[in-house]
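Only one structure is covered here, and it is reproduced in the block below.
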């Protein structure tokens, strides 16, 4: 298969460390960072990914206009954490459908260390599939399936995605 300009060849790709703290109430789990994110060392870095716009609308603030470190700081201040369900995998390009040989993270042990956690939102079908399989029916946690924020998921309009993301606000404290 020919690679497109800027596409990384298939190799073992590793996810980022979690962005959480003891006050995390909502954990948003993705699958595995795409090539643009890996190159930049930032969650959801591809310009076609609507993550920061979608979550900014949920939180009522413009996250896209802020530097990455400030985005993460604002999320933590609002009780939102980020992580991925896959620790590492072989993947050509950035699409979840190309993931092979995934090494999954131990989500059960991880969420047990988050005392304030109330809900887990899965960003896309791959995250939901692996996350729900690992977590099972954990009592006391709301498990929410979100449509993928990826620009590659074009089955839903941006407005439809936003409407599906808005209810995660119910699991967060009011803005201060």
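Residue numbers (our numbering): 12 to 187.
C-beta atoms are modelled at their ideal positions from N, C-alpha and C, and glycine is treated no differently.
Between residue 108 and the set 33, 125, 138, 174, the nearest pair of CA atoms involves 138.
Less than 9 Å divides the Cβ of residue 133 from the Cβ of residue 39. Excluding five sequence positions before and after residue 146, the CB atoms of its chain that fall closer than 8 Å to its own CB belong to 118, 119, 122, 131, 152, 154, given in chain order.
For residue 133, the beta-bridge partners assigned by DSSP are 40, 156. Every alpha helix (DSSP H) of 4 residues or more that sits fully in the segment 47-116 is shown, in chain order, as 62-70, 79-88. Membership of residue 25 in any alpha helix (DSSP H) is not indicated; the residue belongs instead to the beta strand (DSSP E) covering 22-25. Shown here for residue 129: same chain residues with a beta carbon closer than 6 Å to its own, the five before and five after excluded, namely 36, 182 in chain order.
Residue 93 has its alpha-carbon roughly 15 Å from the corresponding atom of residue 64. In this structure, the beta-carbon distance from residue 115 to residue 96 falls below 9 Å.
Contact annotation, residue 100 with residue 140: C-beta distance approximately 14 Å; criterion of less than 8 Å not satisfied.
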